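A.B. asks:
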Amino acid sequence: MERKSKSNLSELYLEENKDQIYENALAEIQSFELPLGTTLRSVYDDQPNAHQKFMEKLDACIRNHDREIEKMCNFHHQGFVDAITELLKVRADAEKLKVQVTDTNRRLQDAGKEVIAQTEEIIRCRVQQRNITTVVEKLQLCLPALEMYSKLKEQMSVKRYYSALKTMEQLENLYLPRVSQYRFCQIMIENLPKLREEIKEISMSDLKDFLESIRKHSDRIGETAMKQAQQQKTFSTALQKQNNVNYGRNMHLGRNRILESKNEITLKRTFEDEDEHEEEVLTAQDLVDFSPVYRCLHIYSVLGDGEIFENYYRKQRRKQARLVLQPQSSMHETVEGYRRYFSQIVGFFVVEDHILHVTQGLVTRTYTDELWNMALSKIIAVLRTHSSYCSDPDLVLELKNLIVVFADTLQGYGFPVNRLFDLLFEIRDQYNETLLKKWSVLFRDIFEADNYSPIPVANEEEYRIVISKFPFQDAELDKQSFPKKLPMSQSVPQIYMQVKEFIYASLKFSESLHRSSTEIDDMLRKSTNLLLTRTLSSCLQNLIKKPHIGLTELVQIIINTTHLEQACKYLEDFISNITNISQLTVHTARLYGLSTFKDARHAAEGEIYTKLNQKIDEFIQIADYDWTMSESDGRASGYLMDLINFLRSTFQVFTHLPNNNNDHAAMSGKVAQTACMSACQHLSMSLMQMLLDSELKQISMGAIQQFNLDVIQCELFASSEPVPGFQGDTLQLAFIDLRQLLDLFMVWDWSTYLADYGQATSKYLRVNPSTALTLLEK
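Residues are numbered in our numbering as their position in the sequence shown, beginning at 1, plus a constant of 2.
1) Considering only the beta carbon of each residue, do Val-406 and Gln-432 sit closer than 8 Å?
2) Which term fits Gly-81, buried or exposed, when burial requires 16 or more other beta carbons within 10 angstroms of its beta carbon?
3) Could you name the residues that DSSP lists as bridge partners for Lys-487?
4) Beta-carbon within less than 7 Å of Ala-736's beta-carbon, same chain only, minus the 5 sequence neighbours each way: which residues are those?
5) Where Thr-754 and Lys-765 are concerned, what is the direct C-alpha to C-alpha distance, given to the nearest angstrom?
6) Helix or strand or just coil, what does DSSP make of His-589?
7) Counting along the chain, where does the alpha helix (DSSP H) carrying Arg-319 start and finish?
8) From Asn-647 to Trp-441, what does the alpha carbon distance come to, in whole angstroms?
9) One question on the structure: do Leu-173 and Met-158 come within less than 8 Å of each other, judged by their Cβ atoms?
10) Output the distance between the C-alpha atoms of Asn-175 and Tyr-163, rounded to the nearest integer angstrom.
11) Is the beta carbon of Ser-507 sitting closer than 8 Å to the one on Pro-395?
12) Looking at C-alpha atoms only, which residue of Pro-418, Gly-414 and Val-103 is the closest neighbour of Thr-368?
13) Let me check understanding here. Comparing Cα to Cα, which of Gly-363, Ala-166 and Ile-497 lies closest to Thr-530?
14) I'd like the span of the alpha helix (DSSP H) that includes Gly-114, first residue to last.
15) What's the call for Phe-186, buried or exposed, on a 16-neighbour Cβ count within 10 Å?
16) Counting pairs of beta carbons, one from the region 448-468 and one from the region 483-495, are three or more of them closer than 8 Å?
17) Can you tell me which of the three DSSP states Leu-28 falls into?
18) Does the beta-carbon of Met-525 have 16 or more other beta-carbons within 10 angstroms, so that it is buried, or is it exposed?
19) What does a CB cutoff of less than 6 Å around Ala-409 pick up in its chain, not counting 5 residues either side in sequence?
20) Should Ser-33 be flagged as near chain D, meaning a C-beta pair shorter than 8 Å?
21) With distances taken Cα to Cα, identify the nearest neighbour of Ala-606 among Glu-335, Asp-575 and Ser-539.
22) On a CA-only basis, which of Asp-751, Leu-194 and Thr-763 is nearest Leu-778? Give me that one, please.
23) Within a Cβ cutoff of 7 Å, which residues of the same chain sit near Tyr-572, ignoring the five residues on either side of it in sequence?
24) Determine, using beta carbons only, whether Gln-786 and Gly-224 come nearer to each other than 8 Å.
25) For Lys-780, does the three-state DSSP call read helix, strand or coil?
26) Thinking Lys-600 and Lys-699 are a contact (beta carbons under 8 Å), I'd like their distance in whole angstroms, please.
27) Three-state secondary structure (DSSP) at Gly-636?
28) Anyone know if the C-beta pair for Glu-567 and Leu-532 falls short of 8 Å?
29) Under 8 Å between the Cβ atoms of Thr-1 and Ile-583?
30) So, is Gln-111 buried or exposed, given that buried needs 16 or more other C-beta atoms within 10 angstroms?
31) Determine the extent of the alpha helix (DSSP H) in which Met-170 is found, giving its start and end residues.
32) Taking only runs of the alpha helix (DSSP H) that begin and end inside the region 62-87, which ones reach a length of at least 4 residues, in chain order?
33) In chain order, what residues of the same chain have a beta carbon less than 7 Å from the beta carbon of Leu-28, not counting five sequence neighbours either side?
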């Protein structure tokens, strides 16, 4: 029973559930809010007979609604009928009202046409006014941008490119962003990069023109800078002299009065010259317009390409530096070539120094130092090469002065120039070489023009003229009356004066080298020593060897060298007075003139001996003996008498040798004695060789007797003391070999010769057995 009741309850629950589903479906259909497809599908997807049941439910629902509609119509029907009846009553009034409304509407339409027209005009004006206000507002917004762009165009037209770039920045950052929606703004934005490139190109073109301009004006800039440096140096030198005068005024007031006044005049003139040139002083900025490089630098810096500009500028300037440092091939021929070369270099570095100090970063001190070191090496190499071609000392001196001014100028701009002054020491050696060559020619000309005879002086005035040129002192000669003769020839004072001129010329190069007086003194002494030991010595040696210089000239040369040797101490005093360096200074060099003139004198003496012997040989060559004669002529041969006469007259010349009360007296006597002894020995040897000549096959006793007469004349000449100072028969010993040999044959004392042979007391000690045998065979 319970199970059956539960089953009935379950069926009842299912039946109620189905009815609820159908009602929900009907509610969804009536709501018109949900799609019907889902609802209908749920109905059809249910139990097999669900459709039939749903249709039944739907019909029941429709019938319910019909009943409700019918009830509502029945309820309102009477009201509807009453409303229709009232509506029929007001139809006539409605028609009348319609006519009235139509007429009123017509009359309103006619009256409103004019109002409508005025209203439309007002509306149109209001729209125009609003548009104008909008345009004014937009123009006020665009006008600053347009004005700035117009300003930009104007700046471009007047070449104010830096200002134009600043205007571009303002346009891009401030004005154009406000009006970026307009098409003209886009056009401006597109044009700005083009304008920047145009400015860069124009600026670069201006820079190129500037670089070309400074290349052309470098020599004038450098010339002006060097002239100013030279004027400043002249002024400083004059001022220093003035200070020195003022410093020593209290100690040397009386003695330096004239010198002081002269220096004051010089200083005054220097001041006047400075005042005259003050108005003419020009700077690099006066000669060249630097605005293109400033402008280009600022433009590239604003554009962010400052580094590109710096690299380009430095690259181009390096190229110009190489061109400036390249000299002309003929530069060494004239001083103008060197001056133009130095002016261009100075102008180049003056410009770089100006750029260094007026710009930031374009040129740095490191860059200029590197450029200068490169240039300095090239300059030194060029000067070393071209100066070696200079053979004119005046040109070398002018070159030195130019180098000094060049160095002082660049030193004033902060460039190190020590290597240039080191180069000047090399050029100084070359200058000395050119001086030595020049003075060699002067010395040769002096020697060629000399007559090699004592200087005649007719009166006191002539004597003073000579001793003003040469420091000659001779107490004995001073006591003599005029006219008289000085022992030396004309070349001596001339040589002495030329040596002094050489010292002056050498001093000119040492000036302005920033060296101490001690160093200058040492340089002068060394160069003078070179002049004496090399140039003058060589000229003397060549002079002595010349064929046309005879014995008389050689004797005079010995006299001249003696006096020049004595004058060396005066040359040392002369150098000391110039440099204000005492000779007692430890490092002071000494002049080597003593050895120079001694060597020349020895060479002259040797040449005297050689020429005497040559002359003797010439006489011997004209000897014409008849070696087969039976008897002698009873007198000496003519050639020998001529030879002896020649020797007598020659040795008389030696009496002119210096014979003062000093060491030269002993020297001169020794020269004469040595020459006489050498001549006698050479004559004796030549006669001996004549007897022993291999071509001579036979000699008669008559020939021996004739030969003996000639030897006797030689012995008489030796015993006549042709040159004073020989002791006893010293000179006759030169013929002792001949005398003993001839005595042996004349007396025919062979027994004595053979008996005493080898003994120190032998009468024929100097007779050589082989010589005696050879002559005996003949």
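Note that beta-carbon positions come from the ideal geometry of N, C-alpha and C, so glycine has one too.
Just so it is clear, the structure is predicted and the values come from calculations on it, not from any experiment.
C.D. replies: Based on what the coordinates show:
1) no
2) exposed
3) Pro-458
4) Met-679, Cys-682, Gln-683, Ser-686 and Ala-720
5) 8 Å
6) Any reading at His-589 must be qualified, since the residue scores a pLDDT of 48, below 50, and its modelled position is unreliable; no value is offered.
7) 308-327
8) 41 Å
9) no
10) 18 Å
11) For the sequence presented, residue 507 should be read as Ala rather than Ser. Against a cut-off of 8 Å, the Cβ pair of Pro-395 and Ala-507 comes out as a contact.
12) Pro-418
13) Ile-497
14) 93-159
15) exposed
16) yes
17) helix
18) buried
19) Val-419 and Leu-422
20) Annotation note: the requested chain D is absent from the structure, which comprises a single protein chain.
21) Ser-539
22) Asp-751
23) Pro-473
24) The chain is shown from 3 up to 780; residue 786 falls before or after that span and cannot be answered.
25) coil
26) Going by Cβ atoms, the distance from Lys-600 to Lys-699 rounds to 49 Å, so no, they are not a contact pair.
27) coil
28) no
29) The shown model of the chain, from 3 to 780, leaves out residue 1, and the question about it has no answer.
30) exposed
31) 163-172
32) none
33) Lys-59, Leu-60 and Cys-63
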